[in-house]
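Have a look at the structure below before the remarks.
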C-alpha cells in the first residue's frame with residue numbers, strides 16, 4: 001500500500017476521533033513503514049510547534065524570556081520525554097506480558113500527541129489577538145488537549161499490549177515511575193562523566209604547567 | 212572489523228560530548244568598572260542604569276567643630292530638614308540645620324532636679340512637634356524629651372502578663388505616631404513591636420513576623436526523639452531590624468533575614484499592607500553569591516508619595532521602591548570611595564538629598580539627586596498625585612535617560628491610552644511587561660479595528676461561505692450525474 005499524501009493526514013485524524021478502531025488498525029492492518037513515517041512527522045511538527053510557540057505566541061501567555069530561547073533545548077523538551085516514555089513503557093511491558101513491539105509503542109505514543117499539535121498550533125496565532133480575559137480559553141483548550149492525549153495514550157497502550165483497562169492504568173503509572181528513575185540515572189551518568197572530564201583536564205593542565 | 216567498532220564507538224563518544232555541551236551556561240552579571248548603578252529588569256537580570264544619586268559631601272565631627280562621632284547608630288530628619296544624629300558612643304544627640312551647621316547638642320537632661328545621661332542609646336525619633344524620643348538601651352528605658360530638651364516622661368521596664376517574668380527591656384529603635392503612642396523595637400523580642408500608650412504604659416505587641424518553617428528541618432524534627440528535639444534550634448520568627456513611620460501613621464519595618472517578605476508596611480492592627488505589584492517583591496538584591504547571601508536590610512526610610520528606601524548592610528546598597536513596589540533605583544556600596552560606606556546603619560531623606568550614617572567611620576554621606584533621579588522622582592510624584600499627563604511626560608524623559616527602566620513605559624502607555632492611541636499604548640505596555648494594561652489597550656484597539664473593517668470582513672466571510680456551499684452542491688450534482696451515467 002503506497003502512502004498517498006491524503007492518507008498521511010487522514011489516518012491520524014481518523015485515529016484521534018476513533019481511537020479504538022484507529023489503534024487496532026495501527027497494530028494489525030496498516031503498513032508499518034507508513035505509520036512510522038507519519039509518527040516521525042508528528043514528532044517533527046510538534047517540535048516546530050513548540051519552538052514557534054516559545055518565540056511567537058502572544059505576550060499575555062508567553063512567559064519565557066526570549067533572551068534564553070534555545071531551539072535545540074526546545075527540541076529536547078519534546079523528544080526526550082517521548083523517548084523516555086517509550087523506552088520505559090517498552091521495558092516495563094516486556095516484563096508484564098505486553099504484546100507490543102517497540103515500534104508499535106513509539107507509533108502509538110506519537111499518534112496520541114496529535115491533539116497537542118492540533119490545538120497548540122492555531123493558538124500560536126490566536127494568542128496574538130486575545131485579551132487577558134480570553135486567556136481562559138487558551139488555558140482551557142490546553143487542558144483539553146492534555147486530557148485528550150492522555151486518553152489516547154491509554155487506549156493506545158491498551159490496544160497495543162492487549163491489556164485490561166485496570167492493567168493499562170497501572171502500567172502507565174509505573175511507566176511514569178520508571179521515567180523518573182531513568183532521568184535520575186541519566187543525570188547521575190552525565191554528572192559523573194563531567195567529573196571525569198574535569199579530572200582529566202586538571203591533570204593535563206598540571207602536566208602542562210609543570211613540564 | 213575492528214575499525215568499524217571503533218567508528219561506532221567514536222560516534223557514541225561524539226554524541227555524549229554533544230550532550231555535555233547542552234548544559235546551560237551560567238547567566239552573566241554585567242559589571243563595568245565605570246559605574247556602580249544598576250537595575251533589575253523584569254526578568255531579574257542586572258542591567259546597567261544611570262545613577263539616580265551622587266555623593267556630594269561627607270559630614271564628620273570635625274566639620275561641625277565638635278569631637279568626632281563615636282559609633283553613631285541612628286539619625287532623623289525633621290520636616291524642616293534639621294538633622295538629628297544619635298551619637299551613641301558619646302551618649303549625645305547632635306542637631307544640625309539644613310546646611311549642616313551645628314545647632315545644638317543634647318547630652319543630658321534633668322530628672323527630678325538631678326542631671327541624667329544616656330548610656331549607649333540606639334534609637335532616635337523626632338516627632339512633628341520636635342519632641343525627641345531616645346531608646347536609651349543600656350539604661351533599659353525610652354526617654355521622651357520636648358523640643359527644648361526638657362524631660363516629658365520616661366518609659367521603663369513594662370509590666371504585663373504578656374511578658375515573661377525575667378524579661379529585660381532593651382529598646383533598640385523607637386517611633387511615635389500622631390496619637391503619641393510609642394512603638395518600640397526591643398532586643399530579643401520576637402512578638403513584634405511593643406506598643407505603649409500615650410501615658411507610657413505597655414499595651415500590646417503588633418506585627419509579629421510569621422514563623423518560617425523549613426520543610427526538611429520540620430521532617431527531621433518529626434523523627435527526632437524528645438531529647439534530640441530539645442537540643443535543636445527552636446522555630447522562632449525573625450526579629451525586625453528597623454522601623455519608620457510615614458505621614459499617615461503606617462509603620463514600615465524591615466527584617467534582617469530574607470524571610471518571605473523582608474519589608475513590611477503595618478497598619479494599626481499590625482497586618483502587613485505593603486503593595487507588592489512590582490516585577491519582584493521588594494527584597495534588596497535579587498542576584499547574590501552563595502557566600503555573600505541575600506541582602507540584609509537594616510533600615511527603611513519613607514519619603515513622600517509612598518516612595519521608600521531600604522538600606523542593605525551586607526553590600527551597603529540603597530534600594531528605592533515606589534508605593535506599588537516597583538524598584539526605582541539602586542546606589543551606594545561598600546568601599547573606600549566617596550559614596551561608599553564601611554558599616555552603614557541608618558538612612559534618612561532630607562528633601563532631595565539622602566543621608567547615610569556610617570557607624571564605624573562616624574560620618575554622614577550626603578547624596579544629591581542627579582537629573583535622572585529628579586525626573587524619575589517627579590514622575591512618580593505626579594502619578595501619585597493623579598497628574599497623569601505630567602507624569603507621562605516625565606516618565607518619557609526618564610525612559611530616554613534609562614532605556615532599561617521598564618516601569619517607566621507603563622506610565623507612557625497609560626497616558627496614550629487616555630489619548631485614545633490604543634495601538635501605541637499597547638506597544639508601550641508590552642515593553643513594560645504589563646499584561647493588565649496591555650490587555651486593556653489591546654481590547655480597545657481590537658474593537659476599533661473591528662468597527663472600521665467590519666463591513667468588508669463580514670461580506671468576505673459571507674461570500675466565502677456561499678462559495679463553499681456552491682462548490683459542494685455542484686460537486687454533489689456532478690457525482691450524482693456521473694453515478695447515474697454508470698448505472
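Protein chains in written order, with this note's numbering: chain A, 1 to 211; chain B, 212 to 698.
Here a beta-carbon is modelled for each residue, glycine too, at the ideal position from N, C-alpha and C.
message: Nearest by alpha-carbon distance to residue 592 of chain B: which of B:583, B:605, B:581 and B:580 is it?
response: Here the question's residue 592 of chain B lines up with position 381 in the second chain. Selected option, being the one with the closest Cα: B:605.
message: Assuming residue 176 of chain A is part of the alpha helix (DSSP H), what are its boundary residues?
response: In the first chain, residue 176 of chain A corresponds to position 176, counting from 1. 165 to 210 is the extent of the alpha helix (DSSP H) around residue 176 of chain A.
message: Quick check: what's the CA-CA separation for residue 236 of chain B versus residue 44 of chain A?
response: Position 25 of the second chain holds residue 236 of chain B. Position 44 of the first chain holds residue 44 of chain A. Unreliable positioning characterises residue 236 of chain B in this predicted model, as indicated by a pLDDT of 39, which lies under 50. The coordinate reading is nonetheless provided below. Going by the C-alpha atoms only, they are around 27 Å apart.
message: For residue 297 of chain B, list the residues DSSP reports as bridge partners.
response: Working through the second chain from its first residue, we reach residue 297 of chain B at position 86. Looking at the DSSP assignment, residue 297 of chain B forms a beta bridge with B:285 and B:304.
query: Relative to chain A, which residues along the stretch 632 to 645 of chain B have a C-beta separation below 7 Å, given in chain order?
result: Taking 7 Å as the Cβ-Cβ cut-off against chain A, the residues of the stretch 632 to 645 of chain B that qualify are 641.
message: Is the separation between the beta-carbon of residue 541 of chain B and that of residue 528 of chain B shorter than 8 Å?
response: To locate residue 541 of chain B, count along the second chain from 1; it is residue 330. To locate residue 528 of chain B, count along the second chain from 1; it is residue 317. Cβ atoms of residue 541 of chain B and residue 528 of chain B: closer than 8 Å.
message: Looking at the secondary structure, which residues open and close the beta strand (DSSP E) in which residue 328 of chain B lies?
response: Here the question's residue 328 of chain B lines up with position 117 in the second chain. Residue 328 of chain B -> beta strand (DSSP E) spans 325 to 328.
query: The beta strand (DSSP E) with residue 322 of chain B in it runs from where to where?
result: If you number the second chain from 1, residue 322 of chain B lands on position 111. It spans 319 to 322 - the beta strand (DSSP E) in which residue 322 of chain B sits, taken as one unbroken run.
- prompt: Within 10 angstroms of its Cβ, does residue 672 of chain B collect 16 or more other Cβ (buried), or is it exposed?
  reply: Here residue 672 of chain B refers to the residue found at position 461 of the second chain. Per the 10 Å Cβ criterion, exposed.
message: Looking at chain A, is there any beta carbon in it that lies within less than 8 Å of the beta carbon of residue 653 of chain B?
response: Mapped onto the second chain, residue 653 of chain B falls at position 442. Contact with chain A is found for residue 653 of chain B, since one of that chain's Cβ atoms lies less than 8 Å from the residue's Cβ.
query: What whole-angstrom Cβ distance do residue 539 of chain B and residue 587 of chain B have, given they're in contact under 8 Å?
result: Residue numbering aside, residue 539 of chain B sits at position 328 when the second chain is read from its first letter. Residue numbering aside, residue 587 of chain B sits at position 376 when the second chain is read from its first letter. About 6 Å separates the Cβ atoms of residue 539 of chain B and residue 587 of chain B, confirming a contact at the 8 Å cut-off.
- request: Step through the CB atoms of chain B and report whether any lies within less than 8 Å of the CB of residue 60 of chain A.
  value: Locating residue 60 of chain A in the first chain gives position 60, counting from the first residue. Answer yes: the Cβ-Cβ gap between residue 60 of chain A and chain B drops below 8 Å somewhere.
field: Contact set for residue 656 of chain B: own chain, Cβ-Cβ below 7 Å, skip 5 residues either direction
entry: The count along the second chain starts at 1 and reaches residue 656 of chain B at position 445. Within the same chain, Cβ atoms closer than 7 Å to the Cβ of residue 656 of chain B are found at 633, 634 and 637, the five residues on either side in sequence being excluded.
field: Cross-strand partners of residue 248 of chain B (DSSP beta bridge)
entry: Taking the first residue of the second chain as position 1, residue 248 of chain B is located at position 37. Answer is none; residue 248 of chain B lacks a bridge partner.
task: Check distances from the C-beta atoms of the stretch 65 to 93 of chain A to those of chain B and list, in chain order, the residues that come in under 9 Å.
output: Residues of the stretch 65 to 93 of chain A with a C-beta atom less than 9 Å from some C-beta of chain B are 65, 67, 68, 70, 72, 73 and 76, listed in chain order.
- request: Identify whether residue 404 of chain B lies in helix, strand or coil by the three-state DSSP scheme.
  value: What you label residue 404 of chain B is simply residue 193 of the second chain in a count that begins at 1. Three-state result, residue 404 of chain B: strand.
8 Å Cβ cutoff, residue 57 of chain A in contact with chain B: Position 57 of the first chain, counted from the first residue, corresponds to residue 57 of chain A. Against chain B, the CB of residue 57 of chain A has no partner CB under 8 Å away; the residue lies outside that interface.
query: If you compare alpha carbons, which of B:530, B:471 and B:459 is closest to residue 515 of chain B?
result: Here the question's residue 515 of chain B lines up with position 304 in the second chain. By alpha-carbon distance to residue 515 of chain B, the top candidate from B:530, B:471 and B:459 is B:459.
DSSP state of residue 689 of chain B mapped onto helix, strand, coil: Position 478 of the second chain holds residue 689 of chain B. In the structure shown, residue 689 of chain B sits in a helix (DSSP, three-state: H, G or I).
Secondary structure of residue 493 of chain B, DSSP reduced to three states: Numbered from its first residue, the second chain carries residue 493 of chain B at position 282. In the structure shown, residue 493 of chain B sits in coil (DSSP, three-state: anything other than H, G, I, E or B).
Separation of residue 309 of chain B from residue 294 of chain B, as counted between CA atoms: Position 83 of the second chain, counted from the first residue, corresponds to residue 294 of chain B. Position 98 of the second chain, counted from the first residue, corresponds to residue 309 of chain B. So the two alpha carbons sit approximately 7 Å from each other.
- request: Enumerate in chain order the residues of its own chain whose CB-to-CB distance from residue 448 of chain B is below 7 Å, with the five nearest sequence positions on each side excluded.
  value: In the second chain, counting from the first residue as 1, residue 448 of chain B sits at position 237. Taken in chain order, the residues that qualify are 401, 419, 420, 421 and 422.
- request: List in chain order: all unbroken beta strand (DSSP E) runs of 3+ residues lying wholly within the stretch 514 to 599 of chain B.
  value: Counting whole runs of 3 or more residues, the stretch 514 to 599 of chain B contains the beta strand (DSSP E) stretches 519 to 523, 528 to 532, 538 to 543, 555 to 561, 564 to 569 and 574 to 580.
message: Measuring only the C-alpha atoms, how far is residue 115 of chain A from residue 18 of chain A?
response: Counted from its first residue, the first chain places residue 115 of chain A at position 115. Counted from its first residue, the first chain places residue 18 of chain A at position 18. Residue 115 of chain A and residue 18 of chain A: Cα-Cα distance of roughly 13 Å.
Continuous alpha helix (DSSP H) stretch holding residue 21 of chain A: start and end: What you label residue 21 of chain A is simply residue 21 of the first chain in a count that begins at 1. Judged by DSSP secondary structure, residue 21 of chain A falls within the alpha helix (DSSP H) whose first and last residues are 19 to 24.
- prompt: Starting from residue 394 of chain B and walking both ways along the beta strand (DSSP E), at which residues does that stretch end?
  reply: Locating residue 394 of chain B in the second chain gives position 183, where the first residue counts as 1. Taken as a continuous stretch (DSSP letters only), the beta strand (DSSP E) holding residue 394 of chain B covers 393 to 397.
query: Which residues, in order along the stretch 114 to 133 of chain A, keep a beta-carbon less than 9 Å from a beta-carbon of chain B?
result: Flagged, chain order: 129, 130, 131, 132 and 133.
- prompt: Just how far apart, CA to CA, sit residue 240 of chain B and residue 651 of chain B?
  reply: Here residue 240 of chain B corresponds to residue number 29 of the second chain, with the count starting at 1. Here residue 651 of chain B corresponds to residue number 440 of the second chain, with the count starting at 1. Caution is warranted here: a pLDDT of 40 is assigned to residue 240 of chain B, below 50, making its placement in the model unreliable, and no coordinate value can be reported.
With 16 other Cβ atoms within 10 Å as the buried cut-off, status of residue 299 of chain B: In the second chain, residue 299 of chain B corresponds to position 88, counting from 1. Its Cβ being crowded by 16 or more others within 10 Å, residue 299 of chain B is buried.
Sequence-distant residues of the same chain with beta carbon closer than 7 Å to residue 93 of chain A, five excluded per side: Locating residue 93 of chain A in the first chain gives position 93, counting from the first residue. A distance below 7 Å between beta-carbons, with the five flanking residues on each side excluded, links residue 93 of chain A to the following residues of its chain, in chain order: 100, 161 and 171.
query: For chain A, is any of its Cβ atoms less than 8 Å away from the one on residue 647 of chain B?
result: Start at 1 with the first residue of the second chain, and residue 647 of chain B comes out as number 436. Taking Cβ atoms only, chain A reaches closer than 8 Å to residue 647 of chain B, which makes this a yes.
- request: Determine the chain A residues that contact residue 650 of chain B at a beta-carbon separation under 8 Å, and present them in chain order.
  value: By one-based count along the second chain, residue 650 of chain B stands at place 439. The answer, in chain order, is 60, 131, 132 and 133.
message: Can you tell me whether residue 158 of chain A is helix, strand or coil according to DSSP?
response: Here the question's residue 158 of chain A lines up with position 158 in the first chain. Helix, per DSSP.
task: Go through its chain and collect everything with a Cβ distance to residue 130 of chain A's Cβ below 6 Å, but skip five positions before and after it.
output: Your numbering for residue 130 of chain A matches position 130 in the first chain. The beta carbon of residue 130 of chain A sits closer than 6 Å to none of the beta carbons in its chain outside the five residues before and after it.
message: Across the stretch 18 to 33 of chain A and the stretch 59 to 66 of chain A, are there enough close Cβ pairs to call them in contact, namely three or more that are closer than 8 Å?
response: As far as the Cβ criterion goes, the stretch 18 to 33 of chain A does not touch the stretch 59 to 66 of chain A, which means the pair count is below three.
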